[in-house]
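First residue of the sequence shown? That's 1 in the working numbering, and the numbers climb one at a time after it.
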Amino acid sequence: MAISSSSFNGENDKLGLGFRRVQISDSSHQDLLLLLLWKLGIRALRRFSFPASPLPGCRNSDHWMINSSFTTIEGDGIFTECNEMEITHEEQENSDPTNFIVEGENTVTKELKPHTKKALLEFRCKVEDAILGNYIFGRSHVSIYKEEGSKERENFTEISIWGIPLLPSKAHEGTDVILLKFLKARDFKVSEAFEMLQKTLIWRKEFKTDGILEENLGSDLENVVYMNSTDKKGHPLCYNIYGAFKDKELYQKTFGTEEKREEFLRWRIQFMEKGIKKLSFKDGGVNSMVQITDLKNSPGPAMKELGAASKKAVLLLQDNYPEFVLRNIFINVPFWYYACHLLFSRILTQRTKSKFIFARPSRVAETLLKFIAPEHIPVQYGGLKREKDDEFSPANKASELIVKGGDIESIQIPVTEPGVTMVWDVTVVGWDVSYKEEFIPDDEGSYKILIEKEKKMGETVRNSFYISEPGKVLLTIDNGTFKKKKVLYRFKTKPTVPMYIFLK
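#1: Return the CA-CA distance between T209 and I331, expressed in angstroms with no decimal places.
#2: Counting only runs that start and end within the segment 330 to 354, where is the alpha helix (DSSP H) found for 4 or more residues in a row?
#3: Work out the CA separation of V433 and V426 for me, nearest whole Å.
#4: Note the first and the last residue of the continuous beta strand (DSSP E) segment covering Y321.
#5: Span of the alpha helix (DSSP H) holding K191?
#6: Tell me, please, whether the segment 482 to 493 touches the segment 388 to 402 by the rule of three or more beta-carbon pairs shorter than 8 Å.
#7: In the DSSP assignment, what residue or residues form a beta bridge with K455?
#8: Taking the CB atoms as reference points, tell me whether Q270 and L217 lie closer together than 8 Å.
#9: Cutting at 7 Å between CB atoms, please list the residues of its own chain near L213, excluding the five before and the five after it.
#10: Between which two residues does the alpha helix (DSSP H) containing Y251 stretch?
#11: Taking E387 as part of the alpha helix (DSSP H), name the residues at either end of that continuous run.
#12: Give me, in chain order, the residues of the same chain whose beta-carbon lies closer than 6 Å to that of A373; leave out the 5 immediate sequence neighbours on both sides.
#13: Within the continuous beta strand (DSSP E) that includes L237, where are the two ends?
#14: I need the straight-line Cα distance from D442 to F491, nearest angstrom please.
#15: Please determine, among A395, R351, Q291 and V428, the residue with the shortest C-alpha to C-alpha distance to T505.
#16: Taking the Cβ atom as the reference point for each residue, do Y226 and L295 lie within a distance shorter than 8 Å?
#17: Within 10 Å of its beta-carbon, does F281 have 16 or more other beta-carbons around it, so buried, or fewer, so exposed?
#18: From H341 to L474, what does the alpha carbon distance come to, in whole angstroms?
#19: Where does the unbroken alpha helix (DSSP H) through M272 begin, and where does it stop?
#20: To the nearest angstrom, how far is the alpha carbon of F100 from that of N396?
#21: Quick check on the burial criterion: 16 or more other C-beta atoms within 10 angstroms. Buried or exposed for Q291?
#22: For S298, count the other beta carbons within 10 Å of its own beta carbon; 16 or more makes it buried, fewer makes it exposed. Which is it?
#23: For N328, I'd like the list of residues in its chain whose CB is within less than 6 Å of its CB, leaving aside the five on either flank, ordered along the chain.
#24: Would the segment 127 to 139 count as touching the segment 184 to 191 if we require 3 or more Cβ pairs under 8 Å?
#25: Would you tell me roughly how many angstroms separate the C-alpha atoms of K385 and D283, rounded to the nearest one?
#26: Starting from F358, follow its DSSP beta bridges and name the residues at the other end.
#27: From the DSSP output, which residues share a beta bridge with W424?
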């Protein structure tokens with residue numbers, strides 16, 4: 001099929017938009033033209049969807065031979081002047097008009113807003129042209145690669161980032177997810193997103209990130225930064241424990257020299273690359289993580305080496321890992337840190353700053369519970385998760401009880417059969433309550449058995465009790481404050497052989 005074009009002029013161009021009349025020699029392909037027009041932003045044709053591949057408006061594309069230029073106008077946005085296009089019938093049949101990749105987690109791209117679709121389409125074309133034109137690393141690199149011949153050009157078409165091909169016409173399902181990250185990081189400004197992508201590719205080449213996972217780095221820092229569990233929507237949780245640097249020996253070993261500081265920075269990038277391996281760039285996949293930074297016992301602003309290294313790491317992550325961090329939660333934040341952050345935030349982008357969440361020590365559990373289920377929050381932060389837990393797993397979901405200010409509430413755990421051990425977990429958001437545990441047999445003539453006497457609650461409680469007769473375990477929470485308290489708990493029974501049988 002051949003498509004030719006002629007300019008609108010005079011009466012034919014009543015809207016004064018300056019785009020062209022398109023004539024199709026084969027009338028059976030008129031539907032394709034409507035699809036192309038919708039791709040270029042015509043609102044009347046919004047009911048159509050456009051494919052991830054082929055690429056309209058992209059020069060040098062192997063799938064669509066189009067020589068086009070973009071003109072941005074107010075209203076419907078981008079229109080393409082199509083000078084000459086050749087599209088084979090086979091390519092038309094193989095293209096899937098609904099095959100458009102996701103904007104973000106669990107959101108199909110056909111649900112993108114019009115301006116986002118328009119920006120993504122233009123960005124894809126820009127990237128396609130840059131790869132096939134051998135200037136994806138910048139115009140200054142073109143002459144170098146021209147001298148190396150067609151083999152280097154072929155390698156450019158295979159260029160990838162985080163394991164995802166960058167050439168849009170390859171129609172990889174993760175390409176648009178990656179491109180959207182750069183677009184979102186630059187507020188959908190295509191030129192700025194393209195510049196960011198170029199700089200990232202150059203930096204990765206200079207920093208040699210492709211081989212960084214094979215390097216032996218940070219063997220002493222396993223407890224400083226680590227991945228642990230996920231949030232409510234499946235985003236991996238990355239914990240940064242700054243209090244570990246209170247250890248002077250570890251601090252000197254990590255930041256004592258310029259070489260050590262550079263190694264720390266390289267280790268931090270390596271850890272980010274490892275975290276990305278846990279993400280998914282498939283349709284509906286989780287492609288970002290949550291950072292949780294614990295500042296409890298963190299060295300103060302006097303430790304300048306730590307501050308400088310952290311600042312450099314944050315800037316590198318901001319500039320070269322767009323939209324990989326969904327939110328950045330700082331917990332156990334001391335007062336001095338707010339002043340430091342205020343100064344530091346001046347060099348951060350607004351989008352990066354919008355992801356920061358701060359929680360004072362008394363609000364840690366409350367803040368984390370907004371995003372993370374209690375079964376996935378470590379006990380030291382007011383959750384129910386314990387490392388190497390033989391009793392409960394994240395599949396054992398917690399129940400919730402609200403205790404109003406000034407009230408006393410009890411959790412009753414009935415046990416109908418003797419010969420089992422009852423195990424339970426209890427935590428209270430915000431603490432500041434009194435708590436006790438009892439066992440009450442069903443036999444009215446029996447005495448109550450005090451399992452745990454009343455005490456102020458300041459940490460997650462786990463306890464157990466062997467049941468020798470039917471009854472119930474009673475967990476009592478006395479809220480002496482004026483604020484309501486949220487109680488989270490879970491329990492289970494497990495068959496138990498009494499100790500006296502073993503002794504026999």
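For glycine and all other residues, C-beta sits at the position ideal for the given N, C-alpha and C.
Quick look at the numbers:
#1: 30 Å
#2: 335 to 344 and 350 to 353
#3: 12 Å
#4: That residue, Y321, is in no beta strand (DSSP E); it is neither H nor E in DSSP.
#5: A small correction: the amino acid at residue 191 is Ser; Lys does not occupy that position in the sequence shown. That run of the alpha helix (DSSP H) goes V190 to F207.
#6: yes
#7: Y435
#8: yes
#9: Q270, E273 and K274
#10: K248 to F255
#11: Here E387 belongs to no alpha helix (DSSP H), and DSSP marks it neither H nor E.
#12: K232
#13: P236 to I241
#14: 19 Å
#15: Nothing about residue 505 can be read from this structure; the chain reaches only from 1 to 504.
#16: no
#17: buried
#18: 46 Å
#19: E258 to I276
#20: Confidence at F100 is low in this model, with a pLDDT of 39, below 50, so its placement is unreliable and no value can be given for it.
#21: buried
#22: buried
#23: Q291, K355 and F356
#24: no
#25: 30 Å
#26: F330
#27: N463 and F491
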